[in-house]
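So for the sequence shown, the working numbering puts the first residue at 120; every next one is plus one.
Cβ coordinates follow ideal geometry from the N, Cα and C atoms, glycine included.
Owing to the predicted nature of the structure, the values given are computational and were not obtained by experimental measurement.
Heads up, the thing below is written out as structure tokens.
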Amino acid sequence: MTNANQWGSTLTFILAMIGSAVGLGNIWRYPYVLYSSGGGAFFVPYIIAILLMGIPILFLEYGIGFKFKSSFAKTITQIDSRWQFLGWFIPLCLLTVMIYYSSLLSFDGIYIFLSMFKAWGADPNLFYSSTLTHSTTNLSGVLNFIPVVAIALLIVWSLVWFISHRDLEKGLGRVSKVLVPLLFVIMILIVVFSVTLPGASIGLAELYAPDWSLLTDFNIWMLAFSQIIFSLNIGLSGTITFAGYLKEDTDIISNTLIIALANSFFENISAIAVFSILGYMSLQTATPVSDIVSQGTGLIFVVYPAVFNILGQWAYVIGPLFFLTIFIAGLTSILTMIEPLSFSIQNKFDISRKRTVTALCIIGGLMSMVYATAFGGTLLEYVDAYINQIAVLFCLILECILFAWVYKAENLVDYLNSKSRSIKVGKAWLFIVKYLLPVGIAIVWFGGMVEIVQDYSLERLVITLICAVVVFAVCLFLTLKKPTNPNWDN
Numbered sequence: 120m121t122n123a124n125q126w127g128s129t130l131t132f133i134l135a136m137i138g139s140a141v142g143l144g145n146i147w148r149y150p151y152v153l154y155s156s157g158g159g160a161f162f163v164p165y166i167i168a169i170l171l172m173g174i175p176i177l178f179l180e181y182g183i184g185f186k187f188k189s190s191f192a193k194t195i196t197q198i199d200s201r202w203q204f205l206g207w208f209i210p211l212c213l214l215t216v217m218i219y220y221s222s223l224l225s226f227d228g229i230y231i232f233l234s235m236f237k238a239w240g241a242d243p244n245l246f247y248s249s250t251l252t253h254s255t256t257n258l259s260g261v262l263n264f265i266p267v268v269a270i271a272l273l274i275v276w277s278l279v280w281f282i283s284h285r286d287l288e289k290g291l292g293r294v295s296k297v298l299v300p301l302l303f304v305i306m307i308l309i310v311v312f313s314v315t316l317p318g319a320s321i322g323l324a325e326l327y328a329p330d331w332s333l334l335t336d337f338n339i340w341m342l343a344f345s346q347i348i349f350s351l352n353i354g355l356s357g358t359i360t361f362a363g364y365l366k367e368d369t370d371i372i373s374n375t376l377i378i379a380l381a382n383s384f385f386e387n388i389s390a391i392a393v394f395s396i397l398g399y400m401s402l403q404t405a406t407p408v409s410d411i412v413s414q415g416t417g418l419i420f421v422v423y424p425a426v427f428n429i430l431g432q433w434a435y436v437i438g439p440l441f442f443l444t445i446f447i448a449g450l451t452s453i454l455t456m457i458e459p460l461s462f463s464i465q466n467k468f469d470i471s472r473k474r475t476v477t478a479l480c481i482i483g484g485l486m487s488m489v490y491a492t493a494f495g496g497t498l499l500e501y502v503d504a505y506i507n508q509i510a511v512l513f514c515l516i517l518e519c520i521l522f523a524w525v526y527k528a529e530n531l532v533d534y535l536n537s538k539s540r541s542i543k544v545g546k547a548w549l550f551i552v553k554y555l556l557p558v559g560i561a562i563v564w565f566g567g568m569v570e571i572v573q574d575y576s577l578e579r580l581v582i583t584l585i586c587a588v589v590v591f592a593v594c595l596f597l598t599l600k601k602p603t604n605p606n607w608d609n
């Protein structure tokens, strides 16, 4: 590992990993999940999910990455060359997430400028679905190209390329040191402003009112665990790759705890901001919060513009700041998604970082153009389900098998403890990563697959299958192609 592929400091690594975790999922997904999953009662499964899955898996991933100090595909090959296919499968799944994220980021970038003039007009829903996206559920909509979205996507991918093709410290490291602190500062300012709005208490009371009866609902527990997976980016090779760039004197376990706690803090203050603003809208329009709140694109690109429409002159400040916060959160996440596959290709085929990142950005940018069509919004929903219900959970199961069983997690205990100046891992951690998590996640994954088969339309099933086949074919190609780097097997 050359110095160009190392973090300049542990602080830079922590900021980059917090940036990776504090992504769109915190603002886009978490507030609605918290609200719809029992409010205050949701903190019970949420905290358990952090303690039983989030932190233990992060220990495992950072331990593996720090010990092997190599690309993800090479790490898997060194553990057992028969599993090399999975060393490509997981980073490729992360690339599909990256392409999906790029579309969300492009829409948000458009809304940064729209919010400066409230250009969505009096009916934000009509503007988003008709004027901007020309949204349709008909597959023929893929032929209806939307230039403004395509331009936004090109800008997003150009930003990703400009930052990622540089050496780690000069690219992602420098950006993280600026954007991550800025992200927290802007969000805290928005929270301070939003909680002082008239009606903020209405939204917060609605958000945190506990529904203890939901604790017996299996789906609530599934949502809690999937939220932690989604927000911490576990199971998708990123943390393993970046841990390999750490210096030898790093305290892995303490840093892991900082990253997990910072992520939890950010997503919870995001929820406070969101529901304070929704409470204000509820008061101004005499509409119950339950009739206003929605999830995903409905919340970000329809509800918030509607709120800003009645916020007065403050909207011209808060609106752009809010969408800028989402953009920074998404950008800090997406920047970490290209590295696992990029570094694996560099490792096996001895291709320069610049050429590899350039090729991946071109391929990703071209593939993302399907979201710049009238069918893009519908496809976004399909891919979101594929990522959250199939790909991410499946990758996490594979990681547990590979690292806890094939490599044997027992081999990491002394190593992790030697790198920790705080908590020590032992039998409880081994039980969690070897037995509890693989079985629990497998049950959740199987339940999601049953739901897909039962509830999805034929069109949606076909699109999901195509996604899986494409990823499988590329993995097979990368696995079977002979390495051109003479050090690949060393």
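Look up residue i in the DSSP assignment and give the residues it is bridged to.
i: Thr492; result: Phe264
For residue i, report the span of its alpha helix (DSSP H) as first-last.
i: Thr315; result: First-last for Thr315: undefined, no H or E at that position.
i: Trp340; result: 337 to 351
i: Asn127; result: Inspection of the sequence shows that residue 127 is occupied by Gly rather than by Asn. Unbroken run through Gly127: none, as it is neither H nor E.
i: Met400; result: 371 to 404
i: Gly438; result: 434 to 453
i: Val593; result: 577 to 599
i: Met217; result: 203 to 233
i: Trp548; result: 546 to 550
i: Tyr247; result: Careful: Tyr247 lies outside any alpha helix (DSSP H) and carries neither H nor E.
i: Pro407; result: Careful: Pro407 lies outside any alpha helix (DSSP H) and carries neither H nor E.
i: Asn466; result: 458 to 468
i: Phe191; result: 191 to 198
i: Asn428; result: 423 to 428
i: Gly142; result: It is not in any alpha helix (DSSP H) - Gly142 carries neither H nor E in the DSSP assignment.
i: Ala362; result: 357 to 362
Taking the C-alpha atoms as reference points, what is the distance between residue i and residue j?
i: Glu570; j: Ser537; result: 44 Å
i: Leu287; j: Ser409; result: 45 Å
i: Phe446; j: Gly228; result: 7 Å
i: Leu298; j: Ala319; result: 28 Å
i: Pro300; j: Gly354; result: 26 Å
i: Asn466; j: Glu500; result: 34 Å
i: Trp340; j: Pro164; result: 6 Å
i: Val304; j: Leu595; result: 44 Å
i: Pro243; j: Val422; result: 8 Å
i: Thr603; j: Leu460; result: 16 Å
i: Ala478; j: Ala140; result: 25 Å
i: Glu578; j: Asn338; result: 26 Å
i: Lys473; j: Gly483; result: 15 Å
i: Ser463; j: Tyr435; result: 44 Å
i: Phe385; j: Ile378; result: 11 Å
i: Gly184; j: Thr358; result: 7 Å
i: Ala130; j: Leu179; result: Per the sequence presented here, residue 130 reads as Leu, with Ala not at that position. Those two C-alpha atoms are separated by around 20 Å.
i: Leu272; j: Thr250; result: 18 Å
i: Ser269; j: Val588; result: Before going on, a small fix: residue 269 reads as Ala here, not Ser. Their backbone Cα atoms lie some 26 Å apart in a straight line.
i: Ile542; j: Thr369; result: 14 Å
i: Leu302; j: Asn387; result: 14 Å
i: Ile274; j: Glu529; result: 46 Å
i: Trp548; j: Tyr526; result: 16 Å
i: Leu170; j: Phe162; result: 12 Å
i: Leu262; j: Leu245; result: 21 Å
Cβ atoms of residue j and residue i: under 8 Å apart, would you say?
i: Tyr230; j: Phe420; result: yes
i: Ile306; j: Ser389; result: Note that residue 306 is Met in the sequence shown, not Ile. Yes, the Cβ-Cβ distance between Met306 and Ser389 is below 8 Å.
i: Ala160; j: Trp331; result: yes
i: Trp239; j: Pro439; result: no
i: Thr451; j: Gly142; result: yes
i: Leu316; j: Ser221; result: no
i: Ile509; j: Pro557; result: no
i: Pro175; j: Ile506; result: no
i: Ile429; j: Leu323; result: no
i: Lys193; j: Trp607; result: yes
i: Ile411; j: Leu402; result: no
i: Ile146; j: Ala448; result: yes
i: Ile486; j: Phe344; result: At residue 486 the sequence reads Met, which differs from the Ile that was named. Going by C-beta atoms, Met486 is not nearer than 8 Å to Phe344.
i: Tyr181; j: Asp503; result: no
i: Thr404; j: Ala135; result: no
i: Ile309; j: Leu521; result: no
i: Ala118; j: Ile457; result: This structure cannot settle anything about residue 118, because the visible part of the chain is limited to 120 through 609.
i: Phe349; j: Arg201; result: no
i: Gly363; j: Phe187; result: yes
i: Val158; j: Pro329; result: In the sequence on display, residue 158 carries Gly and not Val. It is a contact, given that the beta carbons lie within the stated cut-off.
Report the residue ranges of all alpha helix (DSSP H) runs contained in full by the region 144 to 189; include only those spanning at least 4 residues, in chain order.
Fully enclosed alpha helix (DSSP H) runs of 4 or longer: 149 to 155, 162 to 168, 174 to 187.
Threshold first: 4 residues or longer. Then list the alpha helix (DSSP H) segments lying entirely within the region 483 to 543, N to C.
Those alpha helix (DSSP H) runs which fall completely within the region 483 to 543 and span 4+ residues are 495 to 504, 511 to 518, 529 to 537.
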